[in-house]
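Chains as they are written, first to last, in the numbering used here: chain A, 0 to 203; chain B, 0 to 203. Each residue gets a CB set at the ideal place from its N, CA and C atoms; glycine is no exception.
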């Protein structure tokens, strides 16, 4: 059940605030640039938006007067629409960001752990493969979080994104440790050991 | 974009499999019992369903012939509907659980880290309060995960739920460490130190 927020803009979903948040950093940006930036930041802790979602939020924000846009001039090879935050938008965002409303608990949907919880229905071999696939994917995510952090480092306007990306780097490291500990736990489940070749009596 | 699954039941959402998964453990259960059980297990790694969602999934599963239900007899003080998995349901669930389809990446929506990322819009004081609130809530979640694990321990049919709950316990511990490391990072953001009383020159 969504909590009543302590701002008059409480009805906006967090994804709208997230897009307005992207616009709150210095500079104008196209929808495509916002999408690329979200993929290198928001994605690690909140949201990996489709480009259509970015444009839907931009339309909503323009409708509220929180963002404005302009077409690039004839000097550009292709016209593009550039978005910027308005003063009203900045005030509304600051009100939301500094409000006393609880930001709410994290939401986690971990399909791997759901499959492990149902492990009695699958072979131990298949479960191990699934966890190993998750480890490999998480190693890729860790590298991307580190790359994003490296790009943000040393830029004072990005001090808080740096804190969020440092959290993301550690979160991916924790995810790896959790997966490795789960592999060790899986190997100790009763009945799993007999799947190991050395425990299986050779026929004949 | 949802990936095509390697089963003919690929169109069912994971929440339907999760409810069928609850029914795959020994015993019949009412919708209310399933809700209570989901809150003490699934909630930590996948889903905290509303009772209405549980009943919607049960109707869907009955419609597919994957679950059956019966009213309790006249010997019960109040009639209740008890649900059980059918043979067809067990086969479909096993096919899903042991399929080779990638279970997909975890989805994380962390509203606290979103607020930290937008920290330039709030006071350092307010940010710290938010993180501390998150720490207190996470300590409560850790206790609940440990209680759930204690209830599952020593029961062989629940070997895999034990693995999932051990993962959940460690995940809450990691969440606490991540929050504490973030508090330390926040204290080092340029411009934050001046908020500390000892750094403020006393007037006069």
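For residue i, the first and last residue of its enclosing beta strand (DSSP E)
i: residue 83(B); result: 80–84
i: residue 66(A); result: 66–70
Buried/exposed call for residue i, threshold 16 Cβ in 10 Å
i: residue 184(A); result: buried
i: residue 0(A); result: Note that residue 0(A) has pLDDT 41, beneath the 50 cutoff, so the model's placement of it is unreliable and no number is given.
i: residue 87(B); result: exposed
i: residue 14(B); result: buried
i: residue 154(B); result: exposed
i: residue 77(B); result: exposed
i: residue 197(A); result: In this predicted model, residue 197(A) has a pLDDT of only 42, less than 50, meaning its place in the structure is not dependable; the value taken from the coordinates is given anyway. It is exposed - the Cβ of residue 197(A) has fewer than 16 other Cβ atoms within 10 Å.
i: residue 114(B); result: buried
i: residue 18(B); result: buried
i: residue 73(B); result: exposed
i: residue 215(A); result: Only positions 0 to 203 of chain A appear in this structure, which leaves residue 215(A) out of reach.
i: residue 106(B); result: exposed
i: residue 161(B); result: buried
i: residue 140(B); result: buried
i: residue 102(A); result: buried
i: residue 135(A); result: exposed
i: residue 56(B); result: buried
i: residue 211(B); result: Residue 211(B) is absent from the structure shown; chain B starts at 0 and stops at 203.
i: residue 100(B); result: exposed
i: residue 66(B); result: buried
i: residue 83(B); result: exposed
Boundaries of the alpha helix (DSSP H) in which residue i is found, first to last residue
i: residue 134(A); result: 123–151
i: residue 188(B); result: Taken as a continuous stretch (DSSP letters only), residue 188(B) belongs to no alpha helix (DSSP H), as it is neither H nor E.
i: residue 45(A); result: From DSSP, residue 45(A) is part of no alpha helix (DSSP H); its letter is neither H nor E.
Which listed residue (the options) has its alpha carbon closest to that of residue i
i: residue 85(B); options: 99(B), 60(B), 71(B) and 73(B); result: 60(B)
i: residue 43(A); options: 132(A), 131(A) and 143(A); result: 143(A)
i: residue 98(B); options: 153(A), 150(A), 118(A) and 19(A); result: 118(A)
i: residue 187(B); options: 159(A), 186(A) and 135(A); result: 159(A)
i: residue 31(A); options: 16(A), 182(A) and 49(A); result: 49(A)
i: residue 35(A); options: 149(A), 53(A) and 16(A); result: 53(A)
i: residue 120(B); options: 21(A), 12(A), 11(A) and 140(A); result: 21(A)
i: residue 170(A); options: 10(B), 174(B) and 72(B); result: 174(B)
i: residue 126(A); options: 110(A), 10(A) and 139(A); result: 110(A)
i: residue 129(B); options: 38(B), 40(B) and 178(B); result: 178(B)
i: residue 166(A); options: 28(B), 181(B) and 150(B); result: 181(B)
i: residue 63(B); options: 47(B), 90(B), 81(B) and 51(B); result: 90(B)
i: residue 92(A); options: 39(A), 123(A) and 12(A); result: 12(A)
i: residue 164(A); options: 69(A), 75(A) and 41(A); result: 41(A)
i: residue 190(A); options: 156(B), 82(B), 55(B) and 140(B); result: 156(B)
i: residue 147(A); options: 168(A), 132(A) and 112(A); result: 168(A)
i: residue 16(B); options: 29(B), 95(B), 172(B) and 33(B); result: 95(B)
i: residue 28(A); options: 149(A), 80(A) and 38(A); result: 80(A)
i: residue 45(B); options: 116(A), 10(A), 23(A) and 151(A); result: 116(A)
i: residue 151(B); options: 51(B), 23(B) and 39(B); result: 39(B)
i: residue 104(B); options: 70(A), 104(A), 71(A) and 133(A); result: 133(A)
i: residue 137(B); options: 176(B), 10(B), 23(B) and 70(B); result: 176(B)
Proximal residues of chain E, C-beta to C-beta of residue i below 7 Å
i: residue 185(A); result: You won't find chain E in this structure, because its protein chains are A and B.
Query raised in the report: Which residue spans inside the segment 88–114 of chain A form an unbroken beta strand (DSSP E) run of at least 3?
Result: Listed in chain order, they are 106–108.
Query raised in the report: Which residues, taken in chain order from the segment 170–182 of chain B, show a beta carbon closer than 7 Å to some beta carbon of chain A?
Result: The residues in question are 170, 173, 177, 180 and 181.
Query raised in the report: Closer than 7 Å, Cβ to any Cβ of chain B: which residues of the segment 113–145 of chain A, in chain order?
Result: So the close ones are 113, 114, 115, 116, 117, 118, 119, 120, 121, 122, 125, 129, 132 and 136.
Query raised in the report: Going along the chain, which residues of the segment 16–32 of chain A sit with their C-beta nearer than 7 Å to a C-beta in chain B?
Result: The segment 16–32 of chain A vs chain B, Cβ under 7 Å: 17, 20 and 23.
Report task. Can you give me, in chain order, the residues of the segment 100–114 of chain B that have a beta carbon less than 7 Å from any beta carbon in chain A? Result -> Of all residues in the segment 100–114 of chain B, 101, 102, 103, 104, 105, 106, 107, 108, 109, 110, 111, 112, 113 and 114 have a Cβ within less than 7 Å of some Cβ in chain A.
Report task. Select from the segment 68–99 of chain A all residues with a C-beta closer than 7 Å to any C-beta belonging to chain B, and list them in chain order. Result -> Residues passing the 7 Å Cβ filter: 92, 93, 96 and 97.
Query raised in the report: Can you give, in chain order, each stretch of the alpha helix (DSSP H) that sits fully within the segment 5–40 of chain A and has at least 4 residues?
Result: Listed in chain order, the complete alpha helix (DSSP H) runs (minimum 4 residues) inside the segment 5–40 of chain A are 13–22 and 30–38.
Query raised in the report: Taking Cβ-Cβ distances below 7 Å as the criterion, which residues of the segment 157–168 of chain A are in contact with chain B?
Result: Close to chain B, meaning a Cβ-Cβ distance shorter than 7 Å, are the following residues of the segment 157–168 of chain A: 158, 159, 160, 162, 163, 165 and 166.
Query raised in the report: Residues in the segment 45–66 of chain B with C-beta within 8 Å of chain A's C-beta atoms, listed in sequence order?
Result: Of all residues in the segment 45–66 of chain B, those with a C-beta nearer than 8 Å to a C-beta of chain A are 45 and 46, reading in chain order.
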